Structures are given as structure tokens and as C-alpha cells.
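J.: Under the working numbering, think of the first position of the sequence shown as 2, with each following residue one higher.
Questions regarding the structure given below will be posed in turn.
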Amino acid sequence: MITRKIEWEEQHIIEHKSFLHLYPQKLTDDSNEFYFHEILDLSYRESQRSFGLLYVHTTRGLYPYKVRENPIEFIKLVEEKIKGMM
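Dropping the structure here:
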């Protein structure tokens with residue numbers, strides 16, 4: 002996860018490790034909970050750099066996550082759980 006902070010007219014970019022946790026009825030990170038009925042879609046955009054971006058589209062907004070590996074299997078698993086809720 003990347004945080005940008007501006008102090009004393011300087012921008013600091015802080016990168017820290019964060020994990021998405023998959024539970025039977027929700028997806029969580031260090032500071033957010035997304036129940037499956039709130040998740041509209043998940044998508045992934047590969048980058049030319051050593052990372053890609055995983056996007057969690059929810060009814061509360063878009064949440065981007067910088068990832069080092071292709072999360073396609075994770076996306077499929079979450080989508081299966083969402084379909085199972087319907």
C-alpha cells in the first residue's frame with residue numbers, strides 16, 4: 002500500500018506491506034472491510050514495472066492495491082464467493 006503525505010511543503014511517499022485477507026463473507030485489509038455484497042468488481046492492471054495494481058471496486062469507492070504478483074487466482078476466488086452469496 003502506498004501513502005502520500007505532505008509536510009512542510011515536501012511530499013513523502015510511504016510504502017508499507019499490507020495484506021488482503023479473505024474470509025467467508027468479506028475481504029479485509031489493515032483498515033477496511035468489504036462485505037461481498039459491497040464489492041462490485043475486482044480488476045488487475047499489469048505495469049511495466051515490478052508491480053501491478055489490483056483494484057477493488059465497491060459501493061463505497063475504488064480501492065487500489067499495489068501487488069508484486071498477478072492476482073488472477075485471488076480474483077477468481079473472490080468472484081466465486083461473491084456469486085455464491087447471490
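C-beta atoms are modelled at their ideal positions from N, C-alpha and C, and glycine is treated no differently.
Quick caveat: nothing in here was measured; it's all calculated off a predicted structure.
1. From Q49 to I76, what does the alpha carbon distance come to, in whole angstroms?
2. Would you tell me roughly how many angstroms separate the C-alpha atoms of T59 and E74, rounded to the nearest one?
3. With DSSP collapsed to three states, give me the class of F20.
4. Express the C-alpha separation of L55 and E34 in angstroms, rounding to a whole number.
T.: Short version:
1. 21 Å
2. 19 Å
3. coil
4. 16 Å
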